[in-house]
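A short worksheet on the structure shown next.
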Amino acid sequence: MSRDDLDRQLVKSETCSVTIPEFELTIPPNRGSLTIVEGLLRDVMTDLSLDQPLRRIENEATYNKIETIINGIKEILADEEDEEGEEEDKNTVGPVKVSRSSKKDVPMKPFTVILDDPTGNSFIEFVGSMADPKWNLRTYRRTRQQNIDLSLINPDEEPEPERRDEEIGGGFEGQNEEIYIFPGSCSSCGHPSDTLVKKVNIPYFKDILIMSVNCDKCGYRDNEVKSGSAISAQGKKITLKVTDREDLSRDILKAPIPEIDLVLQAGTLGGRFTTLEGILNQVYEELSVKVFNDAKTDDGAFGKFLVKSAENPFTVILDDPLADSYVQNLYAPDPDPEMTIEVYDRTWEQNEELGLNDMQVEGYEGDPMMEANKEQKGAIEKKDEPSS
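Sequential numbering of the sequence shown, starting at 1, is according to UniProt numbering.
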């Protein structure tokens with residue numbers, strides 16, 4: 001943390017415990033509060049200071065340890081100068097106190113604030129977006145005892161049998177809320193990092209797998225969406241006319257936009273399950289970082305790209321040979337008047353690019369369809385060879 005981070009808003013519920021590892025300090029669940037990080041530290045300092053005179057007499061070792069924590073918090077808050085330090089101001093008669101606002105650039109020892117809330121109702125403000133490198137969110141399954149403490153289950157009920165380790169990650173049948181953990185390594189720093197996989201059912205579409213990686217060592221984050229169903233027999237083309245701001249809130253599994261000559265090639269941004277506005281924001285950020293210099297010469301087209309205000313109608317087209325893309329139908333199960341869906345047969349070239357022509361799960365030898373695919377592939381390769 002830096003001194004500016006002391007102004008981040010913080011919501012702490014009555015079931016939340018707060019940990020500051022640098023001080024070896026854990027605050028057990030108590031009253032809920034809405035404050036900022038600085039306010040939390042001041043509350044901690046006030047609570048710890050109350051009985052210090054008594055501790056100094058009864059238990060000097062405890063007194064010294066708590067005093068170390070209090071002094072560390074004072075150093076972070078820069079309160080010593082505020083309370084005692086006075087400086088002469090050339091433009092003012094007499095001494096004046098130095099305000100905290102003048103100490104924004106004073107170095108501060110970094111520290112970590114961890115909120116652990118089994119109800120999920122506590123929060124620390126992030127800066128910009130959830131990609132904030134100083135901010136991290138991790139969800140977990142509550143233990144049986146936590147569910148009992150929250151009065152979510154009857155303590156007299158028989159506990160469900162725990163799943164064996166070999167069953168975790170060994171299939172996705174069953175409850176959708178199950179999160180599967182696959183051990184691996186970070187692609188950025190190589191540090192051991194788990195991949196979390198969750199199966200989600202999209203109404204009127206199909207099952208998808210959301211995969212997330214968050215490295216504790218270097219802060220690298222990534223998430224991607226994969227289909228959780230079999231390969232579709234046909235491709236699908238979805239065309240959506242965006243006419244008002246409500247359309248920007250549609251869920252989307254990523255999209256070319258004809259009005260601004262923008263086409264996302266296959267693989268761009270990876271698989272994403274977000275809203276239409278989220279896709280536009282991601283594309284805009286990618287372009288602003290990577291191709292801004294080239295785009296500035298394009299008659300201002302790049303500056304006009306930010307169509308997310310929906311002031312001017314535009315079109316979004318998702319052409320997916322695997323039919324794994326999706327746009328939310330706001331009128332489901334009835335047809336959406338702003339959206340058309342075309343189902344088509346994939347060409348041989350599309351199947352070849354997707355590796356489907358040579359995909360065979362049984363009957364590998366003597367299959368007439370496979371032999372025909374090999375002959376067609378050989379004819380195309382021969383046709384592409386340069387003539388001597």
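Ideal placement from N, C-alpha and C gives every residue a C-beta, glycine not left out.
Since the structure is predicted, the reported quantities are computational estimates derived from the model, not experimental observations.
Under the 10 Å beta carbon count, Glu60 is surrounded by fewer than 16 other beta carbons and is classified as exposed.
Beta-bridge partners of Leu318 (DSSP): Ile238.
Take the alpha-carbon of Thr340 and the one of Ile238: they are about 6 Å apart. Put simply, the backbone Cα of Arg245 is about 12 Å away from that of Thr275. In this structure, Val225 and Phe123 do not form a Cβ contact; the two beta carbons are roughly 25 Å apart against a cut-off of 8 Å. Taking the CA atoms as reference points, Ile20 sits about 37 Å from Tyr284. As DSSP reads the structure, Val18 sits in a beta bridge with Ile27, Leu115.
The continuous beta strand (DSSP E) containing Asn223 extends over residues 221-227.
When only Cα atoms are considered, Gln146 and Thr119 end up about 9 Å apart. Comparing alpha carbon positions, the residue from Asn71, Glu125, Lys198, Thr112 closest to Arg141 is Lys198.
CA-CA distance, Pro335 to Gln328, rounds to 11 Å. Here Ala131 is actually not in contact with Lys236; their C-beta atoms are around 31 Å apart, not less than 8 Å.
In the displayed model, Ser33 falls within a strand according to three-state DSSP. Per DSSP, reduced to three states, the secondary structure at Leu253 is strand. DSSP, read as helix, strand or coil, puts Asp207 in strand.
Boundaries of the alpha helix (DSSP H) around Glu67: 60-77.
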